[in-house]
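The numbers in my numbering rise by one with no breaks, and the one at position 90 of the sequence shown is 272.
Beta carbons are placed, not taken as given, at the ideal position from N, Cα and C, and that holds for glycine.
Worksheet: the structure to be examined is printed underneath.
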Amino acid sequence: MPDPATHDRHLGAFRRLTPRPYARARVLLFPHGGGSASYYRAWAAAAPWDVEFLAAQYAGREDRYSDPIPADLHGVAEALAADLTADGPRLPTVLFGHSMGAVVAYEVALRLAAAGEPPTRLIVSGHPAPALTRRGRVHLGTDEELVEELRRTDATHRDILDNAELVQAFLPVIRADYRLSETYRPVPSLALRCPVEVLYGDADPEIHDWEAEGWREVTDGGCALRTFEGGHFYLEEHRDAVVELLTAQARAASEEAAVPWPSAP
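Now the structure itself:
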């Protein structure tokens, strides 16, 4: 097993928010549009000692503020997958993404599979199937229209939206993420072979049941759907349940891969 002293907080674009040096499986977390790795800090802290949660840090935010944002979502996924495949032998890996992060996770899964290192599970949240991605023009609107959209979706805390200086600082990233999401179109690809699970709020206007069902088309490994009470950010109220689900899936993947149990710290 790796020496705990060798575990730093960075893995390319991924952040080890709470290192688990004895992990036997890992979960890669992909934030929503406008989100950053730190959104998942509490998730990583809640993970058990044998499962490590790592969060993707997209370009243009936090410690990657000066990094240019790719031209399209495929470029985002390409860069993230390259970081992972360059990392050498990997633990069994579960991918999870919410909203925009769902299709980022899907596109990363495709690239990992093409590189011969497929994920063991893909869990997506709050987003229609790739082929059913909704077109939009929010990224072309005024700053005021963009802020109003953020209020509608509860994607940003109200105290931030009421602070003009903070709004002006992060609106360019928000606009860029809306552009990535609203211009995303999947390209024909081989079906994944790993199981896919779709999570969404029962009152989420951003995804309907039939759009969730569409995820069945992306995999030959089976697809399950699960709803939670709440809207687009049902995650805020049901974080513990989702972390428990991800942990269970990671442990199941580890058992299937016959990864030996490490010595407890």
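**Prompt:** At a Cβ threshold of 8 Å, is Glu393 touching chain D?
**Reply:** The structure shown contains no chain D, having only a single protein chain.
**Asked** If Ala278 sits next to Leu211, beta carbons under 8 Å apart, how far is it from one beta carbon to the other, in whole angstroms?
**Response** The sequence given here places Phe at residue 278; Ala does not occur at that position. With a Cβ gap of about 5 Å, Phe278 and Leu211 count as contacting.
**Message:** Just to confirm before moving on: does the CB-CB distance between Pro310 and Glu393 stay below 8 Å?
**Reply:** yes
**Message:** Could you tell me the alpha carbon to alpha carbon distance between Arg367 and Val286, rounded to whole angstroms?
**Reply:** 12 Å
**Item:** Three-state class that DSSP yields for Thr302 in the structure shown
**Value:** coil
**Message:** Looking only at its chain, what residues have a beta carbon closer than 8 Å to the beta carbon of Thr409, apart from the 5 residues adjacent to it on each side?
**Reply:** Leu381, Tyr382, Gly383, Asp384
**Prompt:** Counting along the chain, where does the beta strand (DSSP E) carrying Val448 start and finish?
**Reply:** Given a span of 183 to 447 for the chain in the structure shown, any question on residue 448 remains unanswerable.
**Message:** My output table needs one value for Gly383: the three-state DSSP class, helix, strand or coil.
**Reply:** strand
**Request:** Kindly provide the ranges of any alpha helix (DSSP H) runs that are 4 or more residues long and lie completely inside the region 364-413, ordered along the chain.
**Result:** 391-395
**Message:** What does the Cβ neighbour count give for Ala195, buried or exposed, with the cut at 16 atoms within 10 Å?
**Reply:** buried
**Item:** N- and C-terminal bounds of the alpha helix (DSSP H) containing Ala226
**Value:** 223-228
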